[in-house]
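A.B. asks: If you want the working numbering, it's the 1-based position in the sequence shown plus 17.
Every residue, glycine too, gets a C-beta built ideally from N, C-alpha and C.
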Amino acid sequence: LTRAEREAAVARKHVEAEQRHAAHLEEVRRRATRESDKVGEVAFINELGLMDLKVDLKKRLEAMEARIEEARDRRTKILEGHATKQQAREQKTRQHLAAQR
Numbered sequence: 018l019t020r021a022e023r024e025a026a027v028a029r030k031h032v033e034a035e036q037r038h039a040a041h042l043e044e045v046r047r048r049a050t051r052e053s054d055k056v057g058e059v060a061f062i063n064e065l066g067l068m069d070l071k072v073d074l075k076k077r078l079e080a081m082e083a084r085i086e087e088a089r090d091r092r093t094k095i096l097e098g099h100a101t102k103q104q105a106r107e108q109k110t111r112q113h114l115a116a117q118r
């Protein structure tokens, strides 16, 4: 081979190597973009999961507060019933004592 042919072959190999390197860098960039997209998707999925959990916890809290309020109302009614009975007993006792005088 002549010197010009060798130089042309070396130059062609150099150009091919640069093309392979550029293609490799492009593939690395594409992979990095996909991985970055995956991270974003995972973050979005996690956020949706947290939002669902928040909604679920809020519903559970509201249900618990409603049960507490119902129990409080029942207790108030029971105590009012006891107070009414106690007042009736006291009234009966007063009437009985007044009748004895």
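Using the C-alpha atoms, what's the distance from alanine 28 back to serine 53?
C.D. replies: C-alpha separation (whole angstroms): 37 Å.
A.B. asks: Can you tell me the Cα-Cα spacing of glutamate 22 and arginine 46, whole angstroms?
C.D. replies: Their backbone Cα atoms lie some 36 Å apart in a straight line.
A.B. asks: Along the chain, where does the alpha helix (DSSP H) containing leucine 67 start, and where does it finish?
C.D. replies: Note, leucine 67: alpha helix (DSSP H), 20–117.
A.B. asks: Please go through the same chain and pick out, in chain order, the residues whose beta-carbon is closer than 6 Å to the beta-carbon of arginine 133, but skip the five residues on each side of it.
C.D. replies: Residue numbering for the chain in the displayed model covers 18 to 118; residue 133 lies beyond these limits and cannot be assessed.
A.B. asks: When the Cα atoms are used, what is the spatial distance from histidine 31 to alanine 40?
C.D. replies: Their Cα atoms are separated by approximately 14 Å.
A.B. asks: Using the C-alpha atoms, what's the distance from glutamine 112 back to glutamate 86?
C.D. replies: Near 39 Å, if we compare the C-alpha coordinates of glutamine 112 and glutamate 86.
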